[in-house]
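Peer 1: Structure in structure tokens, see below.
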Amino acid sequence: MATKTAEGAEAGTAARKDDETAAAGAAEEGRDRRAGAGERDAQDTPDAAHPEHAQDGGDAGDAAHDADAAGDAGEAGDADEAGEPADGAGAKVASGVGQGAGAVVSAALGLVSLTGGWIGTVASAREQLVGQLQTSSTASVGRQLKEVYGDAWHTTALWAGLFALAALITGVVVLARPAFGTPGRPQAPWIKSVAWAGVSLGVIGLLLAVLKYSDALLGLPSAG
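The opening residue of the sequence shown carries number 792 in the numbering used here; numbering runs sequentially from there.
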């Protein structure tokens, strides 16, 4: 009787152990299934499964967009800064070209005032021809000299004086131009040199023209 009771107890214990083992295996299998389903859902919707990752990705996109905008603004600023010297250089070149041309013109006019030029030569020849036409052959020698040669020489001196005055005015304008332009912009040394040459030639030509027109220099010879 005692042997049967012990065998029944051992059989019950073994049955309980089998039931517990089966229940543990089923629970572990259910946990594995749920874990696998959770991993698949996380792979399909990473932002939903990991909201902090989605937020980090959005912040990174905003930072990249801000960096691109800053780069574009920097390039635009560089372009503006590069364009300002180009404009300033263009204005400076244009101003230098005008002043240089004026200086050369002043020097050329000064040379013409000393040599007479073709205009002075033609005017002198015309005045000489007029004097010959208006002076009779019976006029005195002094009158013939004055009408034929004196007036022609005075005409040459007059035109030379006009060229000298133009050279003087042009040179002075070129030298004074920086005072009315952009402050702090120096004038090229060669422009100053040529302009001063024009002014000097103009002064010399004007002085000679006045002396010749007044017969103080190379006056008419005496008829007596």
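Yeah, the Cβ is synthetic: ideal placement off N, Cα and C, and Gly gets one too.
Excluding five sequence neighbours on each side, which residues of the same chain lie with their C-beta closer than 7 Å to the C-beta of D1006?
Peer 2: Result list for D1006: empty, nothing under 7 Å.
Peer 1: Taking its Cβ as the centre, do 16 or more other Cβ atoms sit within 10 Å of A1000, making it buried, or is it exposed?
Peer 2: That one is buried.
Peer 1: Determine, using beta-carbon pairs with one atom in the region 953-968 and one in the region 926-940, whether at least three such pairs fall under 8 Å.
Peer 2: No: the two stretches stay apart, fewer than three of their Cβ pairs being nearer than 8 Å.
Peer 1: Would you identify the three-state DSSP class for Q919, choosing helix, strand or coil?
Peer 2: Helix, per DSSP.
Peer 1: Within this structure, are the beta carbons of A894 and V965 separated by less than 7 Å?
Peer 2: Yes, these two residues count as a Cβ contact at 7 Å.
Peer 1: Could you please give the first and the last residue of the uninterrupted alpha helix (DSSP H) stretch that includes D942?
Peer 2: Where D942 is concerned, the enclosing alpha helix (DSSP H) stretches over D942 to A967.
Peer 1: Give me, in chain order, the residues of the same chain whose beta-carbon lies closer than 6 Å to that of A988; leave out the 5 immediate sequence neighbours on both sides.
Peer 2: The residues are A898.
Peer 1: What's the call for G996, buried or exposed, on a 16-neighbour Cβ count within 10 Å?
Peer 2: Looking at its Cβ environment, which holds 16 or more other Cβ atoms inside 10 Å, G996 is buried.
Peer 1: Within 8 Å, do at least three Cβ pairs link the region 978-993 to the region 907-922?
Peer 2: Short answer: they don't touch.
Peer 1: For A800, count the other beta carbons within 10 Å of its own beta carbon; 16 or more makes it buried, fewer makes it exposed. Which is it?
Peer 2: Note on A800: pLDDT 49, under 50, position unreliable in the model; the coordinate value appears next. The residue is exposed, with fewer than 16 neighbouring Cβ atoms inside 10 Å.
Peer 1: Can you tell me the Cβ-Cβ gap for A943 and Y1004, rounded? I've got them flagged as a contact below 8 Å.
Peer 2: Rounded, the Cβ-Cβ distance is 12 Å, inconsistent with contact.
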